[in-house]
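Residue numbers (our numbering), protein chains in the order written: chain D, 16 to 129; chain Y, 1026 to 1140.
Ideal Cβ positions, reconstructed from N, Cα and C, are used throughout, including at glycine.
Since this is a predicted model, take the numbers as computed values, not measurements.
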């Protein structure tokens, strides 16, 4: 069974540019989560999808961040326009509806905004 | 909001020795779950062990065990017979049993295993 995959693994962009991160959850997992870790700090929750619906987006930092999950499969997280403080590692995780405690994480996308 | 604190940014252990990673958390809830995740360099996080707060018995998974002290809100991870493959960043995490699905993580502890 394939794990959670994320693309790209690393992205370097300039302040003001746009970046789109992609996450492919494990097949059959209705729950999909985005988290972010800023260097040296804790991993913070951004939002949670159940299928294509946003269940909880309380962690989204501001309206420069837009997450979508069309069709309830893969998800994208767009940052537009990127700011320096958006740099960090963005993790995606997924879980089956029957076990919300078993969150499987992807390897993360390291975003560097210069 | 719940907070998770890992006070040891870095730890090291000799191969075959035992090491304990600390984690404390703050919550007003009585029912919750606690986790330790491991992230090896350039690889994805994997679940090491989890503990349900209503269980008094400490969870154990092979060489990994926890010391769960509910009253003290402490959840330490003990790694016995450390191996080179244990070198990784370790994250402690909390999840409420009643409110939401998000995990609250600590800042992580980087574990080095010395041959």
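Suppose contacts are defined by Cβ-Cβ distances below 8 Å. Is residue 1127 of chain Y in contact with residue 39 of chain D by that definition? Against the second chain, residue 1127 of chain Y aligns to sequence position 102. Against the first chain, residue 39 of chain D aligns to sequence position 24. No, the Cβ-Cβ distance between residue 1127 of chain Y and residue 39 of chain D is not below 8 Å.
Helix, strand or coil for residue 74 of chain D per DSSP? Residue 74 of chain D sits at position 59 when you count from the first residue of the first chain. Three-state DSSP puts residue 74 of chain D in coil, outside helix and strand.
So residue 63 of chain D is in the beta strand (DSSP E); what residue range does that whole segment cover? On the first chain, residue 63 of chain D is found 48 positions in, with the first residue counted as 1. Looking at the DSSP string, the run of the beta strand (DSSP E) that includes residue 63 of chain D is 58-65.
Report buried or exposed for residue 123 of chain D, applying the criterion of at least 16 other Cβ atoms within 10 angstroms of its Cβ. Position 108 of the first chain, counted from the first residue, corresponds to residue 123 of chain D. It is buried - the Cβ of residue 123 of chain D has at least 16 other Cβ atoms within 10 Å.
Cβ of residue 1068 of chain Y less than 8 Å from any chain D Cβ? As a first step, residue 1068 of chain Y is located in the second chain; it is residue number 43 there, counting from the start. True, the Cβ-Cβ gap to chain D drops below 8 Å.
Hey, residue 129 of chain D and residue 30 of chain D are a contact pair by Cβ (cut 8 Å); roughly how many whole angstroms apart? As a working note, residue 129 of chain D is residue 114 in the first chain. As a working note, residue 30 of chain D is residue 15 in the first chain. With 8 Å as the limit, residue 129 of chain D and residue 30 of chain D qualify as a contact, their Cβ atoms being about 7 Å apart.
Give the residues of chain Y in contact with residue 111 of chain D, contact being defined as C-beta atoms less than 8 Å apart. For the purposes of this step, residue 111 of chain D is taken as residue 96 along the first chain, with counting starting at 1. Per Cβ cutoff of 8 Å: no residues; residue 111 of chain D is ~12 Å from chain Y at best.
Is DSSP giving residue 39 of chain D helix, strand or coil here? Taking the first residue of the first chain as 1, we reach residue 39 of chain D at position 24. Correct three-state label for residue 39 of chain D: strand.
Through-space distance from residue 1113 of chain Y to residue 1088 of chain Y, alpha-carbon basis: Locating residue 1088 of chain Y in the second chain gives position 63, where the first residue counts as 1. Locating residue 1113 of chain Y in the second chain gives position 88, where the first residue counts as 1. Going from the Cα of residue 1088 of chain Y to the Cα of residue 1113 of chain Y covers about 15 Å.
Nearest residue (CA-CA) to residue 20 of chain D, options D/44, D/28, D/34 and D/32: Within the first chain, the letter at position 5 stands for residue 20 of chain D. If we check each option's Cα against that of residue 20 of chain D, D/44 comes out closest.
Cα-Cα separation, residue 1079 of chain Y to residue 1124 of chain Y: For the purposes of this step, residue 1079 of chain Y is taken as residue 54 along the second chain, with counting starting at 1. For the purposes of this step, residue 1124 of chain Y is taken as residue 99 along the second chain, with counting starting at 1. Each residue's Cα considered, the two are about 16 Å apart.
To which residues of the same chain is residue 1047 of chain Y closer than 7 Å at the C-beta, ignoring the five residues directly before and after it? One-based indexing of the second chain puts residue 1047 of chain Y at position 22. Once the five neighbours on either side are set aside, the close Cβ partners of residue 1047 of chain Y are 1031, 1032, 1033 and 1101.
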